[in-house]
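As structure tokens, the structure follows; a few thoughts come after it.
Residue numbers (my numbering): 30 to 518.
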């Protein structure tokens, strides 16, 4: 009965792709991708790699006694293997957001090759980011049921496969499906479980650990921006995407570092129950959407995300329109990425040491990020534009670790996996419309002035919404607040 959904939609969907693209290339690529995705879901079955197909007690006991599979400390260790989990988070942020940020290099190439306007090309990256965030609950639910390790490894494979298929694209629709849908799905399976694993391993140094984990995006962006420009100049955009696919497959290795950690308060699923319907029971945690502080926090970041990613996509084309060559434009992105790296580490380190409440620091960095984006159109000279990009990079980097640490305070450590997943899904609305809206404004006005101004305004609006969080203007939060927020209703 359940299979009938796929049987019903498969052929009409392939026919629709043929009508949209003019041939069956996308139809067969998408069909093959669906089968590969289904095979990856089978890999997540319990004990898939050991004692496959056996139901004997000795086999189940062997799986149960594996210390790498089920270590059982009751409290976050605040170190130890947690630093390897931080390394995994660093690699995922480098190979997910480091790659996403460098798509501005391909933006100009796609516009020229396909002869499309800025608004339509912007959907390639926006769909990928939106699927990344929209699929957050899928990643968190699968990780809760099967563990973060197999889910992240499967996501790494899908992200690389999407890049690989994109190198054969003959129209924008192919890019929407390969980079936007397939790679985006892979990123969603990587991002949420990786960050949630870091949050589960740390308490006292959580914000600093999160800052280190997400700093990979800044370092990778610094290296990838000029590297991808060289690859495009040497191998054209198709060859560059093939190399990016190989780089993305390294996410599989990063996922292998995520050793499971059982915390006090976790509810273990019965080992013998592996049916997919059992995994869906984790969706009961969608009750978080009715939790007032969580809902305010998530909506605030819908507004923030509407403008946050705009410079990553439109900064390079904006610089090219101002008359700077492709390497000068790429260096702007690299400089912002170095500042982003410094901001992520500094933001997490300062938050753990300053007397300011976490939410106050988060609001400050969000306001500064919005102002720096809104002022980008004033940078008509290269030094001034460089200075604005560096400011944007530092401020934007500093708010990232505070966002996820703040979420842990609201929903509690035990529910951080579900909290990040649901929040990412809600945020996807802003990520989906942000870049296309900016591209549309550019097409309507002839330059990027309105695009960056409106993007900055969205971040300022999101920071104002944070002021409405309960007890925002009160003294620092009581130590029991996290327990109260995390308690089941």
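Don't be surprised by glycine CBs; every beta carbon is placed ideally from N, CA and C. Quantities reported herein were computed from a predicted structural model and do not represent experimental measurements.
Taking only the alpha-carbon atoms, compute the straight-line gap between residue i and residue j and give it to the nearest angstrom.
i	j	result
residue 8	residue 380	This structure gives no information on residue 8, because the portion of the chain shown stretches from 30 to 518.
residue 182	residue 213	14 Å
residue 607	residue 396	Nothing can be reported for residue 607, as the shown portion of the chain is limited to 30 through 518.
residue 269	residue 124	15 Å
residue 333	residue 499	19 Å
residue 393	residue 440	22 Å
residue 244	residue 408	26 Å
residue 438	residue 372	21 Å
residue 519	residue 178	Residue 519 is absent from the structure shown; the chain starts at 30 and stops at 518.
residue 448	residue 161	15 Å
residue 473	residue 432	34 Å
residue 496	residue 428	16 Å
residue 492	residue 263	43 Å
residue 109	residue 185	25 Å
residue 402	residue 327	21 Å
residue 122	residue 282	14 Å
residue 216	residue 289	20 Å
residue 365	residue 176	35 Å
residue 252	residue 357	14 Å
residue 133	residue 414	16 Å
Using C-beta distances below 6 Å, list every residue in its chain close to residue i, excluding the 5 sequence neighbours before and after it, in chain order.
i	result
residue 159	457, 460, 461
residue 341	130
residue 335	459, 463, 487
residue 254	131, 359, 362, 363
residue 405	417, 481
residue 307	Residue placement at residue 307 cannot be trusted, given a pLDDT of 43 that sits under 50; the coordinates are not used to answer.
residue 127	246, 249, 250, 253
Put residue i into one of helix, strand or coil per three-state DSSP.
i	result
residue 245	helix
residue 198	coil
residue 288	coil
residue 496	coil
residue 489	helix
residue 145	coil
residue 383	coil
residue 278	coil
residue 234	coil
residue 266	helix
residue 472	helix
residue 448	helix
residue 157	helix
residue 408	coil
residue 164	coil
residue 306	Residue confidence is low: residue 306 scores 39 on pLDDT, short of 50, so the model does not pin down where it sits. No coordinate-derived value is stated.
Using 10 angstroms around the beta-carbon of residue i, count the other beta-carbons present and answer buried if the total reaches 16, otherwise exposed.
i	result
residue 261	buried
residue 57	exposed
residue 319	exposed
residue 369	buried
residue 352	exposed
residue 113	exposed
residue 487	buried
residue 410	exposed
residue 412	exposed
residue 225	buried
residue 376	buried
residue 265	exposed
residue 190	buried
Over what stretch of residues does the alpha helix (DSSP H) that includes residue i continue unbroken?
i	result
residue 355	355-380
residue 176	Careful: residue 176 lies outside any alpha helix (DSSP H) and carries neither H nor E.
residue 430	411-440
residue 218	213-230
residue 394	387-403
residue 349	339-350
residue 207	First-last for residue 207: undefined, no H or E at that position.
residue 127	111-130
Excluding the 5 residues preceding and the 5 following residue i in the sequence, name in chain order all residues of the same chain whose CB lies nearer than 7 Å to its CB.
i	result
residue 115	227, 238, 241, 242
residue 205	152, 153, 156
residue 180	73, 168, 171, 172, 218, 222
residue 388	435, 495, 498, 501
residue 476	350
residue 420	401
residue 285	178, 182
Output needed for residue i: all residues of its chain with C-beta closer than 8 Å, excluding positions within five of it in sequence on either side, in chain order.
i	result
residue 312	Per-residue confidence for residue 312 stands at a pLDDT of 49, beneath the threshold of 50, marking its modelled position as unreliable; the derived number appears in the next sentence. Only 166, 170 meet the Cβ criterion.
residue 150	136, 139, 140, 143, 201, 468
Establish whether the CB of residue i and some CB of chain C are separated by less than 7 Å.
i	result
residue 251	No chain C appears in the structure shown, which is made up of a single protein chain.
So does residue i have its beta carbon nearer than 6 Å to some heavy atom of the ligand GTP?
i	result
residue 418	With respect to the ligand GTP, the structure offers nothing, as it holds no ligand at all.
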